[in-house]
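Working notes for the structure below.
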Amino acid sequence: DVLVIGSNMIDLISYINRMPVEGETVEAPDFQMGFGGKGANQAVAAARLGSKVSFISMVGNDAFGQQQLNNFKNNNIDTTGVGIGTKSSGAAPIFVDKSSDNRILIIKGANNELTPEILDKYVDLIKGTKIIVLQQEIPLETNYRAIDLANLYHVPVLLNPAPANKSLDINHVKKVDFFSPNETELATLTGMPTNNMDEIKKAAHHMIKLGVKNMLVTLGSKGVLWMNENNSQIIKALKVNAIDTTGAGDSFIGSFAHYYANGDDIPTAIKHANQYAAITVTRRGTQKSYPKADELSSLVK
Ligand code: ADP
């Protein structure tokens with residue numbers, strides 16, 4: 005069982021020739037809507053692999069909120085913990101230009117209504133899971149409450165500090181079992197450079213010295229650095245032809261939680277999650293690119 009506590013967003017992707025200037029209207033060639041939000045993405049990845057996934061999240065009081073709920077159900081995610089807020093659904097208008105450069109706005113909407121008190125209603129979900137997965141598109145205080153409750157019931161926690169937030173409290177980070185930033189997030193959090201492997205290792209070691217138990221630093225096509233007090237190793241990515249890396253980090257986090265909850269030791273779970281994430285970058289889209297368990301055997305040799 006996997007419990008994800010976190011965000012959901014609707015991605016509104018406009019493919020544009022150029023951005024309009026103030027007061028101007030410009031026609032754009034194409035548009036696509038997609039289900040996103042880091043929490044939802046991670047929950048979908050774990051569920052497609054066959055884990056029993058519960059999600060604690062807030063959708064908006066609008067049509068997007070209903071569509072999100074349907075999407076969770078279509079992916080066999082337990083929605084007992086999904087509430088309907090008073091604000092709009094979380095949304096991300098994304099503008100992709102001809103050279104694939106993007107500009108992204110994030111409106112958190114109802115995600116900001118996922119307050120710490122809400123978690124007290126779902127103590128049974130927290131007690132009954134093998135791992136709790138957290139990101140940072142909901143209030144930090146809610147994550148702190150989740151970590152405290154998880155500690156109380158001895159449930160392991162994986163915190164993906166994305167998007168990075170410098171005011172993240174290290175005293176709570178110390179209490180999670182897995183802390184998984186990418187290189188950029190690691191740089192923001194430590195204030196240290198992460199431009200090469202030596203620098204990345206130093207920054208990760210800095211977090212270990214502060215008391216973090218396991219660092220899982222995702223390194224894109226290079227794989228993952230796993231570091232704890234006794235060990236530091238790079239677990240290599242699969243060599244693939246990447247065409248769209250959006251949502252790669254979320255597919256790694258969600259699949260790692262699945263494999264770990266289902267009994268893999270840490271390096272094996274990382275190896276399997278690397279394979280899962282590599283497949284997702286060979287396909288377009290975010291959740292759309294996440295394979296199901298039965299597709300995997302033909303995709304990974
Ligand atoms: P984020 O999307 O948060 O920046 P990363 O780029 O570090 O995350 O990617 C997360 C994981 O996805 C990597 O650790 C790796 O397992 C996989 N991955 C990402 N890009 C590639 C790639 N080009 N080839 C193979 N695997 C990749």
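When we follow the UniProt record's numbering, the leftmost residue of the sequence shown carries the number 5, and every step to the right adds one. From the three backbone atoms N, C-alpha and C, an ideal C-beta is built for every residue, glycine too.
Label residue i either buried or exposed according to how many other C-beta atoms from any shown protein chain fall within 10 Å of its C-beta, with 16 as the threshold for buried.
i	result
leucine 172	buried
leucine 163	buried
valine 228	buried
isoleucine 183	Per the sequence shown, residue 183 should be read as phenylalanine rather than isoleucine. When all chains shown are included, phenylalanine 183 counts as buried.
glutamate 141	buried
arginine 288	exposed
alanine 26	What sits at residue 26 in the sequence shown is glutamate, not alanine. With fewer than 16 Cβ atoms within 10 Å of its Cβ, glutamate 26 is classed as exposed.
proline 167	exposed
phenylalanine 35	exposed
glycine 94	buried
isoleucine 108	exposed
isoleucine 174	exposed
isoleucine 247	exposed
glycine 69	buried
alanine 51	buried
glutamine 86	Checking the sequence shown, residue 86 turns out to be valine, not glutamine. Buried, since its Cβ has 16 or more Cβ neighbours within 10 Å.
glutamate 121	exposed
leucine 156	exposed
glutamate 187	buried
threonine 29	exposed
histidine 262	buried
asparagine 278	buried
aspartate 181	buried
asparagine 74	exposed
asparagine 147	buried
residue 306	For residue 306 there is no data in the structure shown, the boundaries of the chain being 5 and 305.
Any beta-carbon of chain D closer than 7 Å to the one on residue i?
i	result
proline 120	This model lacks chain D altogether; it includes just one protein chain.
Residues with C-beta closer than 6 Å to any heavy atom of the ligand ADP, in chain order: Checking every Cβ against the heavy atoms of the ligand ADP under 6 Å gives Asn186, Thr222, Leu223, Gly224, Ser225, Gly227, Val228, Ala241, Leu242, Val244, Ala246, Thr249, Ala252, Gly253, Phe256, Asn278, Ala281, Ala282, Val285.
Contained alpha helix (DSSP H) runs [length at least 4] in the region 41-90, N- to C-terminal order: With a minimum length of 4 residues, the continuous alpha helix (DSSP H) runs that stay inside the region 41-90 are 42-52, 67-78.
Start-end ranges of the beta strand (DSSP E) lying completely within the region 129-176, minimum 3 residues: Runs of the beta strand (DSSP E) inside the region 129-176: 135-138, 161-163.
Any 3 or more C-beta pairs closer than 8 Å across the region 5-14 and the region 56-69: Because the criterion of three Cβ pairs below 8 Å is met, the region 5-14 and the region 56-69 touch.
Whole runs of the alpha helix (DSSP H) within the region 219-279, excluding any shorter than 4 residues: DSSP runs (the alpha helix (DSSP H)) wholly in the region 219-279: 252-265.
Sequence ranges, alpha helix (DSSP H) only - wholly within the region 179-209, length at least 4: Listed in chain order, they are 187-194.
Validate contact between the region 243-262 and the region 205-218 using beta carbons, cut 8 Å, 3 pairs: Contact fails: fewer than three Cβ-Cβ distances are below 8 Å.
At least three beta-carbon pairs within less than 8 Å, the region 223-240 to the region 197-211: With contact defined as three or more Cβ pairs closer than 8 Å, the region 223-240 and the region 197-211 are in contact.
The region 128-143 touching the region 69-81, judged by at least three CB pairs closer than 8 Å: Because the criterion of three Cβ pairs below 8 Å is not met, the region 128-143 and the region 69-81 do not touch.
Three or more C-beta pairs below 8 Å linking the region 142-161 and the region 115-127: The region 142-161 makes contact with the region 115-127; the number of CB pairs closer than 8 Å reaches 3 or more.
Contact the region 39-50 vs the region 11-24: 3+ CB pairs below 8 Å: Enough Cβ pairs lie closer than 8 Å, so yes.
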